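Number of protein chains: 2
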Amino acid sequence: MDSKILRFAVILAGCGNKDGAEIHESVLTLLSIDRAGHQYQCFAPDVPQARVLNFLTNAEMKEERNVLLESARIARSKIKSLSDFKYDDFDILVLPGGSGVAYNLCTFATDGDKMKVLPQVEAAVRAMHASGRPIGALCISPVIIAHVFKKVQVTFGKDEKINAIFQPSGVKAVNTDARSIVIDEANKIVTTPCYMLDARISEVSEGIDKLIQQLIKMV
Amino acid sequence: MDSKILRFAVILAGCGNKDGAEIHESVLTLLSIDRAGHQYQCFAPDVPQARVLNFLTNAEMKEERNVLLESARIARSKIKSLSDFKYDDFDILVLPGGSGVAYNLCTFATDGDKMKVLPQVEAAVRAMHASGRPIGALCISPVIIAHVFKKVQVTFGKDEKINAIFQPSGVKAVNTDARSIVIDEANKIVTTPCYMLDARISEVSEGIDKLIQQLIKMV
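Encoded structure:
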């Protein structure tokens, strides 16, 4: 790795850990990329959110929100529709977590092992992987990686229930904590659990910094 | 300063820089406090947002959102209504920025020098100051400090228009960049411009880290 400025694509899933992208994980991802001297472009699918939650009562609200518009809040409006994503414009792909990943980017939250991945998301992930580009997945996002690629090594934190769902398809799930990453060298996939565990924001930040550094090394 | 764990109160103004709290500034404030080994409690007023914007078109949306509920997204639901704030439970108060400060916590965005501050916010700021507790204000939040206390030294980045609005009431506005802080020792007030300027997230992070460190020294 020389001092080339790398281009990161970051896919967001809304705005807020209970129905969208996990805000801390998303912001800390952007911070980590920028602090390392690299560039990022945020993307999100232009689709309705699967649900909108009241973050104090956890009740579903009778509201419609759009994943791209809500994600634009985290990206400070500097965001593109995922339908405009071209893998060739980027060196690295990162998927922060949050329930929005499991509701809006795929259907893991409702369908478990019968989950489907949003075609735009699957296409982005497959294109990056097929061209040998590294992918980072945070928190619950590794379910997408596990579902799409099967025989990969990832972490779901210490969630044995999720581990068990993906084991039959050849996924190797490694338990770890928020300050650590799990590396699949052969597939250039790096994962970290973040708030899959009851972590402090500084621990989440440490895990994300390690993930970004590892992805950079893999380019 | 010994190694006492300090209690920070953080007042949020929604979720998103154009109609609520600036998300990056809010998250980086929490990160900085936690990384320094201290504790935070987020607060927000339980009031309707003044407006809800489409973050891609900047058009106003025909939607109603609540400041406390939206702020809860940044706080991962660990938030209290500002009406429950008791100054005596905290050592330091921090106000992150975002347009929501100028629309929801006060009326600076619409009323300029005729602005009013939400009574709960003014009460919190006055109680902290009267009891000698340090206050940190980011981005546009110093307008509240300037309006309430008049003869203080703060920064509005390099916004000469805002500087001119507050100069007649005795406010000393010091121009600076996102990586720097402005300290009013006598009043225990620390400010940093963040995204008042066209800054990178890593620069904003640096300014916030300096602000939090300075506030800790002032306790």
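Sequence order for the protein chains is S and V.
When you line the first sequence up against this note's numbering, it's residues 127 to 345, in that order.
When you line the second sequence up against this note's numbering, it's residues 127 to 345, in that order.
Glycine is no exception: its CB is placed at the ideal position from the N, C-alpha and C atoms.
Since this is a predicted model, take the numbers as computed values, not measurements.
Original post:
For phenylalanine 169(S), which three-state DSSP category applies?
Top reply: For the purposes of this step, residue 169(S) is identified with residue 43 of the first sequence, where counting begins at 1. Under the three-state reduction of DSSP output, phenylalanine 169(S) falls in the strand class.
Subject >> arginine 177(V): first and last residue of the uninterrupted alpha helix (DSSP H) it sits in >> reply: Taking the first residue of the second sequence as 1, we reach residue 177(V) at position 51. Per DSSP, arginine 177(V) belongs to no alpha helix (DSSP H) and is neither H nor E.
**OP:** Take proline 268(V) and list the residues in its own chain whose beta-carbon comes closer than 7 Å to its own, dropping the five residues that flank it on each side.
**Re:** Indexing the second sequence from 1 puts residue 268(V) at position 142. In chain order, Val280, Thr281, Phe282 and Thr317 place their CB closer than 7 Å to the CB of proline 268(V), counting only its own chain and leaving out the 5 sequence neighbours on each side.
Original post:
Within the chosen definition, does the region 163-173 of chain S reach the region 129-138 of chain S through at least 3 CB pairs nearer than 8 Å?
Top reply: Verdict: yes, contact present.
**OP:** Counting only the same chain and skipping the five closest in sequence on each side, list residues whose C-beta sits under 7 Å from that of aspartate 145(S).
**Re:** Within the first sequence, residue 145(S) is the residue found at index 19, counting from 1. Excluding positions up to five away in sequence, the list reads Gln175, Arg177, Val178, Leu179, Ser225, Gly226 and Tyr229.
Original post:
What whole-angstrom Cβ distance do serine 295(V) and lysine 276(V) have, given they're in contact under 8 Å?
Top reply: To locate residue 295(V), count along the second sequence from 1; it is residue 169. To locate residue 276(V), count along the second sequence from 1; it is residue 150. Right, the Cβ-Cβ distance comes to about 5 Å (below 8 Å), so this counts as a contact.
**OP:** Mind listing, in chain order, the continuous beta strand (DSSP E) runs of no fewer than 3 residues lying wholly within the region 169-238 of chain V?
**Re:** Secondary structure in the region 169-238 of chain V: the beta strand (DSSP E) runs of 3 residues or longer, each lying completely within the stretch, are 205-207 and 218-221 in chain order.
**OP:** Would you mind sorting alanine 304(S) into buried or exposed? The rule is 16 or more other CB atoms within 10 Å of its CB.
**Re:** Locating residue 304(S) in the first sequence gives position 178, where the first residue counts as 1. In the assembly as shown, alanine 304(S) is a buried residue. Its beta-carbon has 16 or more other beta-carbons within 10 Å.
**OP:** Scan the region 256-311 of chain V and note each continuous alpha helix (DSSP H) run of 4 residues or more that stays entirely inside, going in chain order.
**Re:** Runs found: 268-275 and 286-292.
Original post:
Hey, quick one: how far does the beta strand (DSSP E) through valine 243(S) stretch, first residue to last?
Top reply: Position 117 of the first sequence holds residue 243(S). Looking at the DSSP string, valine 243(S) is not in any beta strand (DSSP E), and its letter there is neither H nor E.
Subject >> Close-in-space but distant-in-sequence residues of the same chain around valine 330(S) (CB under 7 Å, 5 per side omitted) >> reply: Position 204 of the first sequence, counting from 1, holds the residue named residue 330(S). Leaving aside the five residues that flank valine 330(S) on each side, the residues in its chain whose CB is nearer than 7 Å to its CB run, in chain order, His150, Glu151, Leu154, Ala304, Cys320 and Tyr321.
**OP:** Determine the contact status of serine 207(V) and aspartate 172(V), defining contact as a CB-CB distance below 7 Å.
**Re:** Indexing the second sequence from 1 puts residue 207(V) at position 81. Indexing the second sequence from 1 puts residue 172(V) at position 46. Contact: yes.
Original post:
Thinking just about the alpha-carbon of each residue, which of Ile342(S), Ala325(S) and Lys336(S) is nearest to the one in aspartate 160(V)?
Top reply: Here residue 160(V) refers to the residue found at position 34 of the second sequence. The residue with the shortest Cα to Cα distance from aspartate 160(V) is Ala325(S).
**OP:** Consult DSSP for valine 345(V) and reduce its assignment to one of helix, strand or coil.
**Re:** Start at 1 with the first residue of the second sequence, and residue 345(V) comes out as number 219. The three-state reading of DSSP puts valine 345(V) in coil, since its state is none of H, G, I, E or B.
Subject >> Neighbour list for cysteine 265(S) in chain V, Cβ cutoff strictly below 9 Å >> reply: As a first step, residue 265(S) must be located in the first sequence, where it is residue number 139. Within chain V, no C-beta atom comes nearer than 9 Å to that of cysteine 265(S); the closest sits roughly 12 Å away.
**OP:** Could you say which of Ala299(S), Glu148(S), Ala290(S) and Glu311(S) lies nearest to arginine 202(V) if we only look at CA atoms?
**Re:** As a working mapping, residue 202(V) is identified with position 76 in the second sequence. If we check each option's Cα against that of arginine 202(V), Glu148(S) comes out closest.
Subject >> Span of the beta strand (DSSP E) around isoleucine 315(S) >> reply: On the first sequence, residue 315(S) is found 189 positions in, with the first residue counted as 1. 315-318 is the extent of the beta strand (DSSP E) around isoleucine 315(S).
Subject >> Sub-7 Å separation of glycine 262(S) and leucine 341(S) beta-carbons >> reply: Translated into the one-based positions of the first sequence, residue 262(S) becomes position 136. Translated into the one-based positions of the first sequence, residue 341(S) becomes position 215. For glycine 262(S) and leucine 341(S), yes; Cβs fall inside 7 Å.
Subject >> Inter-residue Cα distance where the pair is asparagine 301(V) and isoleucine 288(V) >> reply: Numbered from 1 along the second sequence, position 175 holds the residue referred to as residue 301(V). Numbered from 1 along the second sequence, position 162 holds the residue referred to as residue 288(V). Rounded to the nearest whole angstrom, the CA to CA distance from asparagine 301(V) to isoleucine 288(V) is 11 Å.
Subject >> Contacts of isoleucine 327(V) in chain S (Cβ-Cβ under 7 Å) >> reply: The sequence position of residue 327(V) within the second sequence is 201, counting from 1. In chain order: Leu156, Leu157 and Asp160.
Original post:
Who are the Cβ neighbours of leucine 221(S) in its own chain at under 6 Å, not counting the five residues just before and after it?
Top reply: Taking the first residue of the first sequence as 1, we reach residue 221(S) at position 95. Result list for leucine 221(S): Ile137, Ala263 and Ser267, in chain order.
Original post:
Hey, how far is the Cα of methionine 344(V) from the Cα of serine 306(V)?
Top reply: Taking the second sequence and counting its residues from 1, the one referred to as residue 344(V) is at position 218. Taking the second sequence and counting its residues from 1, the one referred to as residue 306(V) is at position 180. So the two alpha carbons sit approximately 17 Å from each other.
**OP:** Step through the CB atoms of chain S and report whether any lies within less than 7 Å of the CB of histidine 150(V).
**Re:** Here residue 150(V) refers to the residue found at position 24 when the second sequence is read from its first residue. True, the Cβ-Cβ gap to chain S drops below 7 Å.
**OP:** Measuring alpha carbon to alpha carbon, tell me which of Ile338(V), Asn192(V), Leu157(V) and Lys212(V) ends up nearest serine 257(V).
**Re:** The residue labelled residue 257(V) in the question sits at position 131 within the second sequence. When C-alpha distances from serine 257(V) are compared across Ile338(V), Asn192(V), Leu157(V) and Lys212(V), the shortest belongs to Lys212(V).
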